[in-house]
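Only one structure is covered here, and it is reproduced in the block below.
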Amino acid sequence: NWYCFGKTVAEQTAWQVAKEKGVDLVVVNPVLVVGPLLQPTVNASTVHIMKYLTGAVKTYANAVQAYVHVRDAALAHILVFEHPSASGRYICAESMLHRGDVVAILSKLFPEYPLPT
Numbered sequence: 002n003w004y005c006f007g008k009t010v011a012e013q014t015a016w017q018v019a020k021e022k023g024v025d026l027v028v029v030n031p032v033l034v035v036g037p038l039l040q041p042t043v044n045a046s047t048v049h050i051m052k053y054l055t056g057a058v059k060t061y062a063n064a065v066q067a068y069v070h071v072r073d074a075a076l077a078h079i080l081v082f083e084h085p086s087a088s089g090r091y092i093c094a095e096s097m098l099h100r101g102d103v104v105a106i107l108s109k110l111f112p113e114y115p116l117p118t
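Using my numbering, read the sequence shown as starting at 2 and increasing by one per residue.
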């Protein structure tokens, strides 16, 4: 997965540069972020959900995914900024859901959409 690889390399580089420059670095790594969009266009996180709602996929993977609400991810960034004792890296996750559970939640919220069964 090139996306995950790119994120990993970017963080490793940030740690290396911070060490070289003597910068205090704190990293917040949110998992898949869901919630209200800031921009009018669909982002990758939204595509993850929309593929089920639009009927683009007829099945779902036997897999789990970690999720966090966008407001919780924003709060995590604020908290590490406001607390000088914050250090290292923080994984920002609210829950782990099986893809079947995601589809079940979407089915209850949006019964009019062609969700996989």
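Ideal placement from N, C-alpha and C gives every residue a C-beta, glycine not left out.
{"Asked": "Extent of the continuous beta strand (DSSP E) run through residue 68", "Found": "65-70"}
{"Asked": "Cα-Cα separation, residue 104 to residue 47", "Found": "14 Å"}
{"Asked": "Residue 17 to residue 29 span [Cα, whole Å]", "Found": "16 Å"}
{"Asked": "Bridge partners - residue 92, DSSP secondary structure assignment", "Found": "30"}
{"Asked": "Anticipated Cβ contact below 8 Å, residue 34 with residue 71, distance rounded", "Found": "5 Å"}
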